[in-house]
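Q: Would you mind keeping the following structure in view while I ask a few things?
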Amino acid sequence: MKRVIIIGAGPAGLFAAGALGKDFEVYIFEEGKPIEERTNHVLFNTECECNICDILKGQGGSGGFSDGKLTMTLERGAEKGIFKEEAEEELLKLGKLINKFSPPNKYKTIYPVKIPERYLKNPRLKFESYPLIYLGTDGIQKLIQNYCENNSLNIYYNCKVVDITENKVSFKKDSGLGTWKADYVIIASGGVNSENIKENLKSLNIQTEDTFMDLGIRIEMPRKELKELQDEFYDFKVSYTTDEGLTLRSFCINDGGIVVNEKYDDFVAVNGRSNFKEKTSFSNLAIMARLTKKQFQSGPKWLGRSIVKRLNMAGLPIYQSLQAFLYEDYQYSTNYKTNFKAFPGNISNILPGFLKSAFRKYLKELKKVAPKIINTNAIVYAPELKYFGEEILVDLDWKIKGTNTLYAVGHATGKVSSFISCAVSGMLAAESIKKENNKT
Ligand SMILES: Cc1cc2nc3c(=O)[nH]c(=O)nc-3n(C[C@H](O)[C@H](O)[C@H](O)COP(=O)(O)OP(=O)(O)OC[C@H]3O[C@@H](n4cnc5c(N)ncnc54)[C@H](O)[C@@H]3O)c2cc1C
854 MKRVIIIGAG PAGLFAAGAL GKDFEVYIFE EGKPIEERTN HVLFNTECEC
904 NICDILKGQG GSGGFSDGKL TMTLERGAEK GIFKEEAEEE LLKLGKLINK
954 FSPPNKYKTI YPVKIPERYL KNPRLKFESY PLIYLGTDGI QKLIQNYCEN
1004 NSLNIYYNCK VVDITENKVS FKKDSGLGTW KADYVIIASG GVNSENIKEN
1054 LKSLNIQTED TFMDLGIRIE MPRKELKELQ DEFYDFKVSY TTDEGLTLRS
1104 FCINDGGIVV NEKYDDFVAV NGRSNFKEKT SFSNLAIMAR LTKKQFQSGP
1154 KWLGRSIVKR LNMAGLPIYQ SLQAFLYEDY QYSTNYKTNF KAFPGNISNI
1204 LPGFLKSAFR KYLKELKKVA PKIINTNAIV YAPELKYFGE EILVDLDWKI
1254 KGTNTLYAVG HATGKVSSFI SCAVSGMLAA ESIKKENNKT
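Take the sequence shown: its position 19, counted from the start at 1, is 872 in our numbering, and no numbers get skipped.
Pasting the structure below:
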């Protein structure tokens, strides 16, 4: 039986493992813990002290602490042209798996996708909507547990991969080191450890790309302020392009949720999530700006990284009242927040002028159709980011270009970013391995 080693137990790795089935010897090496041992300390402590970030690492990956908003399309959260036609079949299969392993029906809601007329009247804003299954963090964790148990997946926890070749994986588990041979290796390591993975690939003469990075802010406000908008148009996706050509978009709205910290090697960023059952009295959403190579020739990730570090001077994210961010008006206090692991700071002063002005323009434009979005109780956190590591060049089967048995899937590639698109990329890699295996 051929052996496949998968690095990372996030949605990409787990759904690749499940799709490989029983005809292969499949092992998943995961740096973090099983899902039931992962905790979100942000509500209780004032420091970000986890060595292994429970939000990003462990069974389910960052998907295990996600908001569980599953956008059932491959058009979003994926680079254009990265999915071949057959990917739609995998999406259908994935939808069935989600139905089968999700907690009972009351957890799951599919929201209507028709965009209300009044939003379409503003020519500067582009609204989009897609079918969505919402499970919440509590629901997604159940889904992951049920799926792993049902497929009897072999996951080795506290097992950090330190070196990868096409047919060999070296890892650190507890205090020991080990090296295992494999017929196929799938890198599904997500956005964390991206610097190490990139260096590892470079040592194999595998090229990576720095083409874009999404850098943003997250806004939090009392739940009632976003309710009207959400009742009409849940998880609204609105993009806006400035006259200078910078595109911004709303991202990941969390109704009745919290703002959490994601700990990377040398900085901490924010993100948002919510439970299906237990709601807070706050909602949050991010606004992301896309920095591209075309605009920033020195490299968008290089630029993004330097901005992120400045926003993280005291080792934690910072926050500021939305009024101060927009109007330099400091009389508003910032009492309302769910994240106690962020410091007060001056985001508007730290952001480069072009970004500050783009975020301001976006918000003022959005206010025209959704006036309550700018209110005196709202606060802004930064940084929020997507696509930290350089992109890995993969073909339509998610095999790394120039290799024979080495695959890269999910967020690690920098080509896909949603739970669904990451999971589908893993399933496609599994199908490709099955086909290759049938040939031999
Ligand atoms: C708070 C939060 C909310 C989110 N909400 C949503 C949402 O509502 N909807 C949505 O579509 N997406 C959401 N996302 C994004 C989504 O979770 C990710 O796109 C998805 O999980 C990426 O899947 P992945 O398998 O590629 O990587 P990940 O889920 O990041 O998993 C990668 C895994 O690899 C492991 N790993 C990394 N390096 C190594 C190594 N060297 N050795 C061993 N293991 C390693 C990590 O520990 C991690 O567990 C959210 C993310 C966060 C953090």
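Cβ atoms here follow ideal geometry from the backbone N, Cα and C, with glycine treated the same way.
Would you call the CB atoms of residue 905 and residue 880 closer than 8 Å?
A: Their beta carbons are not under 8 Å apart, which means residue 905 does not touch residue 880 by this criterion.
Q: Evaluate the contact criterion for the segment 1106-1126 versus the segment 1166-1177: three or more CB pairs, one atom per stretch, below 8 Å.
A: Touching, yes, given that three or more Cβ pairs across the two stretches are closer than 8 Å.
Q: Got a sec? Which residues, its chain only, sit under 6 Å from residue 1189 by beta carbon, not counting five neighbours each side?
A: Taken in chain order, the residues that qualify are 1230.
Q: Excluding the five sequence neighbours on either side, which residues of its own chain have a C-beta within less than 6 Å of the C-beta of residue 1031, listed in chain order?
A: Closer than 6 Å at the Cβ level, and outside the excluded window around residue 1031, lie 1024.
Q: Would DSSP call residue 1262 helix, strand or coil?
A: Coil at residue 1262, not helix or strand.
Q: So the candidates are 1067, 1097, 1008, 1059; which of them puts its Cα closest to the Cα of residue 883?
A: Checking every option, the nearest Cα to that of residue 883 belongs to 1008.
Q: Which residues in the same chain as residue 1139 place their Cβ atom closer than 6 Å to its Cβ, once the five residues preceding and following it in sequence are excluded?
A: Taken in chain order, the residues that qualify are 1069, 1071, 1104, 1105, 1237.
Q: Looking at residue 951: is its Cβ nearer than 8 Å to the Cβ of residue 986?
A: In contact: residue 951 and residue 986 (Cβ atoms closer than 8 Å).
Q: Got a sec: does ligand 1 put a non-hydrogen atom nearer than 7 Å to the Cβ of residue 1102?
A: False, no ligand heavy atom lies under 7 Å from that Cβ.
Q: Examine the Cβ distances between the segment 1218-1229 and the segment 1071-1086 and report whether three or more of them are shorter than 8 Å.
A: Segments in contact, yes.
Q: Tell me the residue span of the beta strand (DSSP E) that contains residue 1174.
A: Element bounds for residue 1174: 1171-1174.
Q: Decide if residue 1054 is buried, meaning its Cβ has at least 16 other Cβ atoms within 10 Å, or exposed.
A: Buried.
Q: Is DSSP giving residue 1278 helix, strand or coil here?
A: If DSSP states are grouped into helix, strand and coil, residue 1278 belongs with the helices.
Q: Give the secondary structure of residue 1213 by DSSP, where H, G and I count as helix, E and B as strand, and everything else as coil.
A: Helix.
Q: Give a yes or no on contact between the segment 1118-1127 and the segment 1143-1154, applying the rule of three or more CB pairs nearer than 8 Å.
A: These segments do not touch.
Q: Tell me the rounded alpha-carbon separation between residue 1255 and residue 1067.
A: The straight-line gap from Cα to Cα measures roughly 28 Å.
Q: On the three-state DSSP scale, how would you describe residue 1251?
A: Three-state result, residue 1251: coil.
Q: So, using beta-carbon positions, are residue 1143 and residue 1065 closer together than 8 Å?
A: The answer is yes: Cβ separation under 8 Å.
Q: When you compare only the Cα positions, how much space is there between residue 1273 and residue 1265?
A: Computed Cα separation, rounded: 14 Å.
Q: For the pair the segment 913-931 and the segment 858-867, tell me if three or more CB-CB distances fall below 8 Å.
A: The segment 913-931 is in contact with the segment 858-867.
Q: Shortest alpha-carbon distance to residue 1045 belongs to which of 1263, 1037, 1093, 1287?
A: Measuring from the Cα of residue 1045, the nearest candidate turns out to be 1263.
Q: Report the residue from 1220, 1209, 871, 856 whose alpha carbon sits nearest the alpha carbon of residue 1277.
A: Nearest of 1220, 1209, 871, 856 to residue 1277, Cα basis: 871.
Q: Specify the secondary structure class of residue 1112 as computed by DSSP and reduced to three states.
A: Strand.
Q: Is it right to say residue 1119 is buried, meaning 16 or more other beta carbons lie within 10 angstroms of its own, or is it exposed?
A: Looking at its Cβ environment, which holds fewer than 16 other Cβ atoms inside 10 Å, residue 1119 is exposed.
Q: Compare the beta carbon distance of residue 1059 and residue 1253 with 8 Å and say whether it is the shorter of the two.
A: Yes, these two residues count as a Cβ contact at 8 Å.
Q: Below 8 Å, can you find three or more Cβ-Cβ pairs linking the segment 929-943 to the segment 1092-1100?
A: No, the segment 929-943 does not touch the segment 1092-1100.
Q: Among 921, 983, 1002, which has the Cα closest to the Cα of residue 928?
A: Comparing Cα-Cα distances from residue 928 to each of 921, 983, 1002, the minimum goes to 983.
Q: So, for residue 1020: in the same chain, excluding its five sequence neighbours on each side, which residues have a beta-carbon less than 8 Å away from its beta-carbon?
A: 1034, 1035, 1036, 1038, 1258.
Q: My understanding is that residue 969 touches residue 1086, with C-beta atoms under 8 Å, so please give their C-beta distance in whole angstroms.
A: 6 Å between Cβ atoms; contact.
Q: Are residue 1063 and residue 1243 touching if we call contact CB-CB under 8 Å?
A: The answer is yes: Cβ separation under 8 Å.
Q: Taking the continuous alpha helix (DSSP H) assigned at residue 1067, which residues delimit it?
A: No alpha helix (DSSP H) holds residue 1067; the beta strand (DSSP E) holding it covers 1065-1075.
Q: Strictly by DSSP, which residues pair up with residue 923?
A: Note: residue 923 sits in a beta bridge opposite 986.
Q: Would you kindly work out how many angstroms separate the C-alpha atoms of residue 1083 and residue 1109, rounded to a whole number?
A: Roughly 11 Å between the two C-alpha positions.
Q: For residue 1198, which option in 1288, 1212, 1181 has the closest C-alpha, if you only look at C-alpha atoms?
A: Cα-wise, what sits closest to residue 1198 is 1181.
Q: From the DSSP output, which residues share a beta bridge with residue 1133?
A: DSSP output for residue 1133 lists no bridge partner at all.
Q: If you draw a straight line from the alpha carbon of residue 1003 to that of residue 1134, how long is it in whole angstroms?
A: Approximately 36 Å between the Cα atoms of the pair.
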